[in-house]
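Structure record follows, encoded as C-alpha cells.
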Amino acid sequence: MAAIAIDSSTMLRRDLQHAIRFPMLTISALLTPTIMMLLFVYVFGNAMSAVTGHGDYVNFLVPGILVMAIGSSCASTAVTVNIDMNEGIISRFRTMPIARSSVLIGQVAGALIRTALSLTLVVCVGLLAGFRPSADFLGFVAFAAVTLMIVFAMTWLALAFGMATRTPGGANSTTLPLQFLPFISSAFLPPSAMSGGPAWFAAHQPFTPMIDTIRGLLTGGPVAQALPWAIGWCVAFTLVGYLWSLRLYNRDISR
Amino acid sequence: MAAIEVTGLRKSFGAKTVLDGIDLEVPSGTIFSLLGPNGAGKTTTVQILSTLVRPDAGTVRVGGHDLARDPAGVRKLIGVTGQFSAVDSLLTGEENLLLMARLHHYDKREARAVTADLLATFDLEDAAKRPLATYSGGMRRRLDLAMTLVGRPSIIFLDEPTTGLDPRSRRTMWGIIRKLVADGVTIFLTTQYLDEADELADRIAVLDHGKLVAQGTAAELKRMVPGGHVRLRFTDPGGLDSAARLFEDTTRDDEALVLRVPGDGGVPTLRGVLDRLDAHGVDVAELTVHTPDLDDVFLALTAAKGGA
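Order-wise, the sequence lines are chains A and B.
Sequence positions in the first sequence follow the UniProt record's numbering and run 1 to 255.
Sequence positions in the second sequence follow the UniProt record's numbering and run 1 to 308.
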C-alpha cells in the first residue's frame, strides 16, 4: 500500500512537471468558459435577467460556467492522457516492478490539481464581472467539496476517453458532449424557461443537478433536491470511468 | 543456470500467427541475439518475455520466475530498452533518470548519486538539463539504456538498440553492452544486422515468419551461409571462359561478364585467387569482395526450407 502511495506521488510529480513545462493545454481549457461568461454577462445579460427573473444574472450564471469549465478541462485531460499513453515510457512503466494503478492515479491527481486551478481562475473572472456569492464559510467548504467530487468523477471519465481513442484529436472529440451538454442544462436558463423536448432533457440530464447544487450552495438557495442526484451521477461517472480506464490500461499493448 | 528458458512459445494476433512455437535457452551472463528481418516476430518475442504481452501458449521462465504465474517477480529482475525509445520526451535527461530512481524507491541521496553516475557513464552530463527535444537519436538511445540500468537489472532486453544510429554511436553502444556482460548481466538482444550479432553475441538464433530457422554461434551460422564470394568482372568473354576453368563451384553471368568465386573474402583466399589468375595470364577488369550478410542467411535458410 505504501508502495502505491510513493509510486502515485512520483507519477503525479511527473504529470505536474509536464503541466508546468507545457501550460498551453491547461490555459486553453480556460478560454471557452471565460469567453462564455463574458458573452453572457455583458452581451446577453439584460435579456437573460428578464427570463430568469434573477436580478443579477451573473450570480445565476457562474455555477453553470464552472461546470462548463470542468467539461473543458476534461477535454485537456483526455488529450494529455492520449498523448501520454502513446509515449514509449508508459511501456517501460509496465515492465517495471511498480503498482500498475499508480500511473492512472498520478494522472487523475494531476488533472484534479490543474482543473482546480482553472476553476479558481474562472471564479476570479466571475468576481471581476460582478459575481457576488452569498454563501457563509460552511457553504464555501461544501461548495469546494461538491466541486471536487464533480471534477473527480468527470476526470475518471476523461481518462477513459483519452485511452479509448487512438489520436489526440479523437480524444478531444469524445469529450465534446462534456463540453456542450451544459448548454441544454440549467447552466444558462432554468429548464422551466425552455420548451418541450429540450426542457425535459435539461431537467433530467446529469449536469443540471450538479449545477443546481453548486448554485444553491453559492447563493444560499435550496440544495436538498439536487444534491442526491448530483452525488448519484458522480458515483456513476467515477465507477464507469475508473473501471473502463483500468480495463483499457491492462489490455494487451499490442492491440 | 539459464537466465531465460522458453518452450513452445506461440502468439497470434487475430488470424496472423506471429510466433509459431519458439524454444530457446539463454545461459546467465551471456549475450543472446535474436536475428531477423522486420516483421519476423522479434519485437513480439521481447514484449512477451518482458511481461508486456501475454503469450497464447508455451512456458517462459525468466530468472527462474514463471512468466505467467509471477510477472511481478520477473519485473524485479529485468530491464527493457525498446526499439521505440521508452523515455519521457517532455522531461530533461536528468529528470528522466531521477524519475526512474524514484520509482525504484531510492532515497534522495542515492537517486542523485545513481543519476550523476549514469549521466557520466553515458556521456550525457552536458545535456543533462536540456529537454529531450534537443537530443540526437544516439543520445536518446543512450539515455534509454541508462534509464534501464537505474534499477540494476540482472537480465536486459535490448530491442534493436542500434537501428537508425550512426556508426560511431553504434560502436559506443556495443562498448556499453560488452561492459554490462563483463559485469555479469545477461543480455537478450534483437537485431537485423548480422555484423552486430557477430560482434556481440555468444549465441544467435535466426527468426523468420515466427519460427527459429537456425541457432548457433556466429561461426556456426556463417558456415551455413554460402553467400561469401569474390566477384570478378572481365572485359571479354574469353577472359571469363578461361577464369571459369580455373575455379570450382563458380557461378557465371555471361551478359555482365561476371564470375563469382565462393570464398570468405579473407586475404589468403584473395591472394590465392589473384595468384592463380596471374599464373594463367587472365586479365581482370574489376574485383569486389562480397561477405555473407543477413540477405545471404535468409536466402540460404528460407530456400532450404522451401525446397524441403
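Virtual Cβ for every residue (Gly too), placed ideally from N, Cα, C.
- Message: Tell me the rounded alpha-carbon separation between Val-79 of chain A and Arg-247 of chain A.
- Response: 19 Å
- Message: Judging by CA-CA distance, which residue of B:Glu-255, B:Arg-203 and B:Gly-36 is the nearest neighbour of Pro-237 of chain B?
- Response: B:Glu-255
- Item | Within the segment 85-146 of chain A, ranges of the beta strand (DSSP E) (whole runs, at least 3 residues) | If we require 3 residues or more, the segment 85-146 of chain A turns out to have no beta strand (DSSP E) run fully inside it.
- Message: Give me the residue from A:Met-194, A:Ala-193, A:Phe-180 and A:Asp-56 with the minimum Cα distance to Pro-206 of chain A.
- Response: A:Phe-180
- Message: Less than 8 Å between the C-beta atoms of Ala-187 of chain A and Val-67 of chain A, yes or no?
- Response: yes
- Message: In the DSSP assignment, the beta strand (DSSP E) including Glu-248 of chain B goes from what residue to what residue?
- Response: Premise fails: Glu-248 of chain B is in no beta strand (DSSP E) and is neither H nor E.
- Message: My assumption, with CB atoms under 8 Å, is that Asp-159 of chain B sits in contact with Val-46 of chain B. Please give the rounded CB distance.
- Response: Rounded, the Cβ-Cβ distance is 5 Å, consistent with contact.
- Sequence-distant residues of the same chain with beta carbon closer than 6 Å to Glu-5 of chain B, five excluded per side: Glu-25 and Arg-61
- Message: Suppose you measure from the CA of Ser-192 of chain A to the CA of Pro-182 of chain A; what does that come to, to the nearest Å?
- Response: 15 Å
- Message: I believe Ala-158 of chain A touches Cys-234 of chain A by the beta-carbon criterion, under 8 Å. Please report the beta-carbon distance rounded to the nearest angstrom.
- Response: No, Ala-158 of chain A and Cys-234 of chain A are not in contact; Cβ-Cβ is about 14 Å, not under 8 Å.
- Query: Does any C-beta atom of chain A lie closer than 8 Å to the C-beta of Lys-76 of chain B?
  - Reply: yes
- Determine the chain B residues that contact Arg-94 of chain A at a beta-carbon separation under 8 Å, and present them in chain order. Thr-51 and Leu-52
- Task: Answer yes or no: do Leu-240 of chain B and Arg-231 of chain B have a C-beta to C-beta separation smaller than 8 Å?
- Result: Cβ atoms of Leu-240 of chain B and Arg-231 of chain B: not closer than 8 Å.
- Query: Could you give the distance in angstroms between the alpha-carbon of Thr-217 of chain B and the alpha-carbon of Lys-11 of chain B?
  - Reply: 26 Å
- Query: Where do the ends of the beta strand (DSSP E) carrying Lys-211 of chain B lie?
  - Reply: 211-216
- Specify whether the segment 137-153 of chain A and the segment 102-121 of chain A touch according to this definition: at least 3 beta carbon pairs, one from each stretch, less than 8 Å apart. yes
- Message: Just verifying my parser: in three-state terms, what is the DSSP assignment at Asp-195 of chain B?
- Response: Here Asp-195 of chain B sits in helix by DSSP.
- Since His-18 of chain A is in the alpha helix (DSSP H), which residue starts that stretch and which ends it? 2-21
- Item | Closest residue to Thr-291 of chain B among B:Ala-279, B:Asp-198, B:Leu-277 and B:Leu-246 (Cα-Cα distance) | B:Asp-198
- Query: So what does Gly-79 of chain B bridge to, in DSSP terms?
  - Reply: B:Ile-156
- Which residue or residues does DSSP assign as beta-bridge partners of Phe-32 of chain B? Answer by DSSP bridge pairing, in chain order: B:Phe-188 and B:Arg-203.
- Item | Inter-residue CB distance, Asp-264 of chain B and Ile-31 of chain B (contact presumed, cutoff 8 Å) | The Cβ separation is near 23 Å, so there is no contact.
- Query: CB-CB under 6 Å to Thr-59 of chain B, same chain, minus the five flanking residues each way: which ones, in chain order?
  - Reply: So the qualifying residues of the chain are Thr-7.
- Task: Please confirm whether Arg-94 of chain A and Leu-52 of chain B have their CB atoms less than 8 Å apart.
- Result: By the CB criterion at 8 Å, Arg-94 of chain A and Leu-52 of chain B fall inside the cutoff.
- Continuous beta strand (DSSP E) stretch holding Phe-13 of chain B: start and end: Boundaries of the beta strand (DSSP E) around Phe-13 of chain B: 2-13.
- Task: Starting from Ser-49 of chain A, find everything on chain B with Cβ-Cβ shorter than 7 Å and list it in chain order.
- Result: Going along chain B, no residue has its Cβ under 7 Å from Ser-49 of chain A, so there is no contact; the nearest lies around 46 Å.
- Item | Residue range of the alpha helix (DSSP H) that includes Gly-232 of chain A | Residues 226-250.
- Whole-angstrom C-beta distance between Gly-220 of chain A and Gly-139 of chain A, which should lie under 8 Å: 7 Å
- Query: Does the beta carbon of Arg-247 of chain A sit closer than 8 Å to a beta carbon anywhere in chain B?
  - Reply: no
- Query: Residue ranges of each beta strand (DSSP E) run of no fewer than 3 residues wholly in the segment 248-282 of chain B, ordered along the chain?
  - Reply: Whole beta strand (DSSP E) segments, 3+ residues: 251-253 and 258-262.
- Pick from B:Tyr-135, B:Ala-146 and B:Ala-133 that is closest to Asp-117 of chain B, judged by C-alpha positions: B:Ala-146
- Message: Measuring straight from C-alpha to C-alpha, what distance separates Gln-107 of chain A and Gly-151 of chain B?
- Response: 23 Å
- Query: Quick check: the segment 74-91 of chain B against the segment 9-25 of chain A, are there 3 or more CB pairs under 8 Å?
  - Reply: yes
- Message: Taking only three categories from DSSP, how would you classify Arg-166 of chain A?
- Response: coil
- Consult DSSP for Val-18 of chain B and reduce its assignment to one of helix, strand or coil. strand
- How many whole angstroms separate the CB atoms of Leu-19 of chain B and Thr-44 of chain B, which I take to be in contact at a CB cut-off of 8 Å? That pair is a contact at about 6 Å.
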